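Trainee: Quick note, in the numbering used here, the sequence shown goes up one by one and the last residue is 194. C-beta: ideal position from N, C-alpha, C; glycine also. Predicted model only: the values in this text are computed from it and were never measured.
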Amino acid sequence: MINDKTFAAGQYTIERTPGMADSPSLLLLREVKGGNSIVFDSTKTATREAAKTSELIFDNIDGTYFLAEIWVKGSTSSNDIPMTRRQRVMMARRPVQHVVISSDTGF
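Structural data, given as C-alpha cells:
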C-alpha cells in the first residue's frame, strides 16, 4: 500500500519520475503487467555507508503491507515513504512487523 492505494502482489518497477524538473524524491511505481501505477513522494535520509543491496522495507500491520523505505544499492541515502493517517491509526492498535525484500539491482 502506498498513499492508501492498494496494489496486488506481483512484479513492479520503481523509478524516478522522467521529468527533469521533478524532485529526486518523486518516484513512480508501475506494475510490470497490467499497467497499475502511482507517482508518490518520499523523503531522503542520508546515511554514512552505501547500501550493499537494494531493499524495499514494508511495515506489515495486521496483514496490510505499507511501503516504508526504499534503499538503492550503492546509495548513501534512502527514500522514506511518509506514513498515512490510516497507517498511524493501525500502528497504534496493532504490532508492526518489518518485512525486507532484497535485490541486487538499482534504479
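1. Would you kindly work out how many angstroms separate the C-alpha atoms of SER112 and LYS131, rounded to a whole number?
2. Whole angstroms are fine: how far does the CA of GLY150 sit from the CA of ARG103?
3. Rounded to the nearest angstrom, what separates ASN123 and THR93 at their Cα positions?
4. Among GLN174, THR163 and GLU156, which has the Cα closest to the Cα of THR134?
5. Count the other CB atoms, across all protein chains shown, that sit within 10 Å of the CB of ALA165; report buried if there are 16 or more and exposed otherwise.
6. Closer than 8 Å by C-beta to SER189: which residues in its own chain qualify, once you throw out the five before and the five after it? Chain order, please.
7. Nearest-angstrom Cα distance between PHE153 and ALA137?
8. Determine the burial state of SER129: buried for a count of at least 16 other Cβ atoms within 10 Å of its Cβ, exposed for fewer.
Mentor: Let me lay it out:
1. Within the sequence shown, numbered from 1, the residue matching residue 112 stands at position 25. Within the sequence shown, numbered from 1, the residue matching residue 131 stands at position 44. Approximately 7 Å, taken between the alpha carbons.
2. Against the sequence shown, residue 103 aligns to sequence position 16. Against the sequence shown, residue 150 aligns to sequence position 63. Their Cα atoms are separated by approximately 28 Å.
3. Here residue 123 corresponds to residue number 36 of the sequence shown, with the count starting at 1. Here residue 93 corresponds to residue number 6 of the sequence shown, with the count starting at 1. Approximately 10 Å between the Cα atoms of the pair.
4. Stepping through the sequence shown from its first residue, residue 134 is reached at position 47. Nearest C-alpha to THR134: THR163.
5. In the sequence shown, the residue the question calls residue 165 occupies position 78. It should be pointed out that residue 165 corresponds to Ser in this sequence rather than to Ala. So SER165 counts as buried.
6. On the sequence shown, residue 189 is found 102 positions in, with the first residue counted as 1. THR140, SER141 and GLU142, listed in sequence order.
7. Against the sequence shown, residue 153 aligns to sequence position 66. Against the sequence shown, residue 137 aligns to sequence position 50. Straight-line Cα distance between these residues: approximately 24 Å.
8. On the sequence shown, position 42 is the one that residue 129 refers to. Burial call: buried.
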